[in-house]
Amino acid sequence: METSGAARAADAPGPDVPAGSGVPAAGAGSTASADGTAEAAPTLPSERRMTRPRACVATGVSAGLAEHLGWPVWIVRTAFIVASLAAGAGLLLYLWLWALTPWAPGDERPSRSAPVAWILIAASTVCLVPVWLTQASGPGYVAAVGTWFGPTLAGIGAAVAAGAWATFIDRAESIRGPRHELTIRIAATAMLSVTVLVFVVVLGQSTTTTKTFGAAFTALAALVGIALVFAPTLIAQWRDLTAERTRRIREEERSEIAAHLHDSVLQTLALIQNRAGATSEVARIARAQERELRDWLFAGDAPLDSNLATDLRDYGGALEIDYPVTFDVVVVGESRERASGELAAAAREAMLNAARHAGGEVSVYVESSPESVEVFVRDRGPGFALADVPGDRLGVRQSIIGRMRRVGGSGEVRPGAGGVGTEVRLRYPAERVGSENGRG
Amino acid sequence: MAEASDRALEARPTVRVVVVDDHSIFRSGLKADLADSIEVVGEAHDVESAVRVVTDVAPDVVLLDVHLPGLAVPAGTTGGAEVIRRAAPSVPGTRFLALSVSDKAEDVVGVIRAGARGYITKGSSGADVSRAVHAVAGGDAVFSPKLAGFVLDAFGAAVGETAAASDELDRLSAREQEVMRLIARGYAYKEVAAELFISTKTVETHVSAVLRKLQLSSRHELTAWANARRLL
Numbered sequence: 068m069e070t071s072g073a074a075r076a077a078d079a080p081g082p083d084v085p086a087g088s089g090v091p092a093a094g095a096g097s098t099a100s101a102d103g104t105a106e107a108a109p110t111l112p113s114e115r116r117m118t119r120p121r122a123c124v125a126t127g128v129s130a131g132l133a134e135h136l137g138w139p140v141w142i143v144r145t146a147f148i149v150a151s152l153a154a155g156a157g158l159l160l161y162l163w164l165w166a167l168t169p170w171a172p173g174d175e176r177p178s179r180s181a182p183v184a185w186i187l188i189a190a191s192t193v194c195l196v197p198v199w200l201t202q203a204s205g206p207g208y209v210a211a212v213g214t215w216f217g218p219t220l221a222g223i224g225a226a227v228a229a230g231a232w233a234t235f236i237d238r239a240e241s242i243r244g245p246r247h248e249l250t251i252r253i254a255a256t257a258m259l260s261v262t263v264l265v266f267v268v269v270l271g272q273s274t275t276t277t278k279t280f281g282a283a284f285t286a287l288a289a290l291v292g293i294a295l296v297f298a299p300t301l302i303a304q305w306r307d308l309t310a311e312r313t314r315r316i317r318e319e320e321r322s323e324i325a326a327h328l329h330d331s332v333l334q335t336l337a338l339i340q341n342r343a344g345a346t347s348e349v350a351r352i353a354r355a356q357e358r359e360l361r362d363w364l365f366a367g368d369a370p371l372d373s374n375l376a377t378d379l380r381d382y383g384g385a386l387e388i389d390y391p392v393t394f395d396v397v398v399v400g401e402s403r404e405r406a407s408g409e410l411a412a413a414a415r416e417a418m419l420n421a422a423r424h425a426g427g428e429v430s431v432y433v434e435s436s437p438e439s440v441e442v443f444v445r446d447r448g449p450g451f452a453l454a455d456v457p458g459d460r461l462g463v464r465q466s467i468i469g470r471m472r473r474v475g476g477s478g479e480v481r482p483g484a485g486g487v488g489t490e491v492r493l494r495y496p497a498e499r500v501g502s503e504n505g506r507g
Numbered sequence: 121m122a123e124a125s126d127r128a129l130e131a132r133p134t135v136r137v138v139v140v141d142d143h144s145i146f147r148s149g150l151k152a153d154l155a156d157s158i159e160v161v162g163e164a165h166d167v168e169s170a171v172r173v174v175t176d177v178a179p180d181v182v183l184l185d186v187h188l189p190g191l192a193v194p195a196g197t198t199g200g201a202e203v204i205r206r207a208a209p210s211v212p213g214t215r216f217l218a219l220s221v222s223d224k225a226e227d228v229v230g231v232i233r234a235g236a237r238g239y240i241t242k243g244s245s246g247a248d249v250s251r252a253v254h255a256v257a258g259g260d261a262v263f264s265p266k267l268a269g270f271v272l273d274a275f276g277a278a279v280g281e282t283a284a285a286s287d288e289l290d291r292l293s294a295r296e297q298e299v300m301r302l303i304a305r306g307y308a309y310k311e312v313a314a315e316l317f318i319s320t321k322t323v324e325t326h327v328s329a330v331l332r333k334l335q336l337s338s339r340h341e342l343t344a345w346a347n348a349r350r351l352l
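Chains as they are written, first to last, in this note's numbering: chain A, 68 to 507; chain B, 121 to 352.
Shown next, in the form of structure tokens:
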């Protein structure tokens, strides 16, 4: 009964959603919590809220009601069938309970043991096949409208319901298999198509107005049924298409803006830097602006995760605003080093020194090879000899060389090539990179 | 070092240059900044006019914007690369120096592979551009630190790939790697020479060899790298 009840009920859209807060049992539930005995007597059926079991046959209404009332399930089912005979009262009650009864609390997805969609297809077959056979029983024969109109509409309804059930309810259940939805849809379409054909033939053979109208209406209903069976897929595809189109339009607009900014603003910023002299304040502002704009233009391409290379680039950008200096950061190899490591701290210190004491153009070169990570910071300033620095000045000795030695790497400060400026060289063995990352 | 090379610039013969850029402000700014030893003999603002001017004037060097508008530029390439492809066959004595604001690896490598002898950014000072023009006019290649870094990456130098034979196109020799590393660290050719105890001429030879490899190598990573790393 449960399944045949559902068969007629499944036309109702989205009945699976537990609507409301369990109206039939709400009174009992609130009473229980009001007198504070809910925990003490949770097993008393009268104080329990009616729920539908998550592992059910079709909808869980009969099982839930039977458990709620303390009756055997078969009595509840029989009662529904008998009541349905009374002008469909049982069916209405069933639908009402289905719509308003929540699922039993739990985490697992509701699972249904009955192949409801197939039962609906079978019901549709039972309704439609006799009609086809009657109509085809003799050439030119058209049965009286009253004998086939009801069953045909019921069959069409069942086929549409099967499609809807497979689409909206069975889709979430993996046990039905991936092709279940498609198979059901094909079966329902087959039923409806044959019905359309049969009634088009009937339409041609009809002799009375009633028969003509009846046949036309039925054929039309079957056509609408086919449309309804495919509507969910079509709607989903249409949605995907719209989303795709929106995305493409956005993408196009963005690249158009990027191209425009590239051709105008970036060029102007480059020109400003060029004309104002590399380390002048105007040029530095223009450079910072250029970097910001680039970050925005190519935002989608930059890795979000901060690594040594991106960190040193950002740090260089920040220093350029405060000091008359430009950093040219070149990165080779995949940077595995994190920004939080000691190597990064030492490299930042070297960059800060270069910005403070040398200025001008500073080259930063990061190379990650399988054996080691190396960072070179080279400036063209007045130069610097480690021996000349008083011992109490901690900057270079402690924060660059000492720091690298402590973590197992090496640091070296020497005059730049040709005796111009200073070059700081930091080296960090690759096997330590992983462990430091763990710490950092 | 800057004064020394400026003096050197004075001594060199005048170089005839065509400036190709779609922004008139940039062209005039660049013209005003170039050293006296560089004579601008023509200007162009798009692919078609650039091809016309370059073939008419046949300059020593073309300063070529990578991103140049043009009517029939095929997708996947840049206006700059297209100018080289169309104009280079009719002016064999002309050398192309790419100027770019974008630093996008695929664009820069595209224009180098089309035949440019070097690449510098538009932010470079007039003196830098002048030096680069003279270098290119003298037949040398001009590598910025970023381009050198890209080359090291693209040829797998960071993961220890080294060419076994000197004529191998898909990998750099050990010496070429050393030169590229120093250029990436911001060394000028002269400083590279001093560091490696070789002559400046030898450094230039190595750089030209790397440029040739960059142009001729069929190494598939070149494109892959270019696409993966938009910023050179």
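Where a beta carbon is used, it is the ideal one built from N, C-alpha and C, also for glycine. These numbers were taken from a predicted model, which means no experiment stands behind them.
Against chain A, the beta carbon of H165 of chain B has no neighbour under 8 Å; the closest one sits roughly 12 Å away.
In the structure shown, D395 of chain A falls within a strand segment according to DSSP collapsed to helix, strand and coil.
Within the same chain, Cβ atoms closer than 7 Å to the Cβ of A221 of chain A are found at C194, the five residues on either side in sequence being excluded. Per DSSP, reduced to three states, the secondary structure at S273 of chain A is coil, with no helix or strand assignment. Taking a cut-off of 8 Å for Cβ pairs, the segment 173-193 of chain B and the segment 133-147 of chain B touch, as three or more such pairs fall below it.
In the structure shown, L290 of chain A falls within a helical segment according to DSSP collapsed to helix, strand and coil. Using a 10 angstroms sphere on the CB of T489 of chain A, the tally of other CB atoms reaches 16 or more, which defines it as buried. Counting of Cβ neighbours within 10 angstroms places D156 of chain B among the exposed residues, the total staying below 16.
In the structure shown, T168 of chain A falls within a coil segment according to DSSP collapsed to helix, strand and coil. Residue pairing by DSSP places V135 of chain B opposite B:I158 in a beta bridge. If you look at Y309 of chain B, you'll find it in the alpha helix (DSSP H) that goes 309-316. Within the same chain, Cβ atoms closer than 7 Å to the Cβ of G131 of chain A are found at M117, T118, R119, P120, T168, the five residues on either side in sequence being excluded. Annotated three-state conformation of P482 of chain A is strand, per DSSP. Across the set A:W363, A:R447, A:V442, the C-alpha of A:R447 shows the shortest separation from the C-alpha of P391 of chain A. For V330 of chain B against E298 of chain B, the beta-carbon gap comes to about 11 Å, at or over 8 Å, which does not count as contact.
Using a Cβ-Cβ cut-off of 8 Å, Y432 of chain A is close to P265, G269, R301, A304, R305, G306 of chain B, given in chain order. DSSP places F270 of chain B in the uninterrupted alpha helix (DSSP H) bounded by 265-274.
DSSP, reduced to helix, strand and coil, places A218 of chain B within a strand of the structure shown. Under the Cβ criterion of 8 Å, L338 of chain A is counted among the residues facing chain B. Three or more beta-carbon pairs separated by less than 8 Å link the segment 424-436 of chain A to the segment 383-400 of chain A, which places the two stretches in contact. Around the beta carbon of V397 of chain A, 16 or more other beta carbons sit within 10 angstroms, so the residue counts as buried. Here DSSP, grouped into helix, strand and coil, assigns T241 of chain B to strand. Contacts with chain B at 8 Å (Cβ-Cβ) do not include F394 of chain A. With respect to the 8 Å criterion, V433 of chain A and Y495 of chain A are not classified as neighbours on the basis of their beta carbons.
In the DSSP annotation of this structure, the continuous segment of the alpha helix (DSSP H) that includes G199 of chain B starts and ends at 199-207. In this structure, the CA atom of R415 of chain A is about 25 Å from the CA atom of E315 of chain B. Take A255 of chain B, set aside five residues on each side of it, and the residues of its chain with a beta-carbon closer than 6 Å to its own are V262, in chain order. At least 8 Å separates the CB of V137 of chain B from every CB of chain A. Along the segment 312-338 of chain B, going in chain order, the ones with a CB nearer than 7 Å to a CB of chain A are A314, E315.
Counting only Cβ-Cβ distances below 9 Å, V229 of chain B has no contacts in chain A at all, with the closest Cβ about 15 Å away. Straight across, the Cα-Cα distance linking D362 of chain A with V442 of chain A is about 24 Å. Below the 7 Å Cβ cutoff, chain A contributes V399 as neighbours of L272 of chain B, in chain order. S245 of chain B and V491 of chain A have their C-alpha atoms spaced approximately 26 Å apart.
In the DSSP assignment, R291 of chain B falls outside any beta strand (DSSP E), carrying neither H nor E.
Closer than 9 Å at the C-beta level to chain A, one finds these residues of the segment 187-213 of chain B: H187, P189. Taken atom to atom, the span from the alpha-carbon of S220 of chain B to that of G483 of chain A is near 29 Å.
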